[in-house]
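Q: Residue numbers (this note's numbering): 113 to 364.
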């Protein structure tokens, strides 16, 4: 409901993978001698083919490939290349990235920040800091993320078992321990950008949605206040310049 009200497009790894694989399977029905003219669809088919290749060989889809897939969806969205989501007010990644590695890889594609000192990347090309003077500050100050917010909905282990409708056992405990260990590193990575917002998952879905909505409203309000202050300062400078000009004209 929140995504609909804010016109946000929700992107999920599972449905995106299925979409790309389906596009590839459909492309096999076409004349192999006739190339796909649409560059957007051609890219989707290419990535879908790569995923099918790994799955057919009983291999997991590499994180690098999945990052390419998700970034391609974001790129198409932000550049209005996808008709069905062209009117979107933004995008939300649901449940992804969920590891430090995928977070770092996707961040490098979104913002150019690759976590290596004195190095920025754009479109896969390393650019020296002196070539990006407006970004040099990020090398010494906090970097600017490609994500405006990272929302983490926290619940206790017991609540997780109850919501899943399963009994707690040693196997599930092992999975939770692995998740918690991974989350510690994952959270540490995102906190360097100051984008992490931790929410109380014990609340109802509506209450959590309201909390997120209030965060967005506050951010928008702060921007409005800042813009108002800047305009007020510009107006004051113009008035002072006008007074100075009139006083100069009155001088003999």
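For every residue, glycine included, the Cβ atom is placed at its ideal position computed from N, Cα and C.
1) With contact counted as at least three CB pairs below 8 Å, one residue from each stretch, are the segment 266-278 and the segment 178-185 in contact?
2) Could you name the residues that DSSP lists as bridge partners for residue 266?
3) Determine the contact status of residue 177 and residue 162, defining contact as a CB-CB distance below 8 Å.
4) With a 10 Å radius around its C-beta and 16 neighbouring C-beta atoms as the bar for buried, classify residue 128 as buried or exposed.
5) Rounded to the nearest angstrom, what separates residue 119 and residue 125 at their Cα positions?
6) Going by other Cβ atoms of all chains shown within 10 Å of its Cβ, with 16 needed for buried, is residue 290 buried or exposed?
7) Is the Cβ-Cβ distance between residue 258 and residue 306 less than 8 Å?
8) Can you tell me which of the three DSSP states residue 142 falls into?
9) With a 10 Å radius around its C-beta and 16 neighbouring C-beta atoms as the bar for buried, classify residue 282 as buried or exposed.
10) Does the count of Cβ pairs from the segment 167-176 and the segment 144-151 closer than 8 Å reach three?
11) In terms of DSSP beta bridges, what is residue 202 paired with?
12) Give the range of the alpha helix (DSSP H) segment to which residue 210 is assigned.
13) Identify, in the order they occur along the chain, each residue of the same chain with its Cβ nearer than 7 Å to the Cβ of residue 217, setting aside the five sequence neighbours on each side.
A: Straight from the coordinates:
1) no
2) 312
3) yes
4) buried
5) 20 Å
6) exposed
7) no
8) coil
9) exposed
10) no
11) 120
12) Per DSSP, residue 210 belongs to no alpha helix (DSSP H) and is neither H nor E.
13) 175, 176, 179
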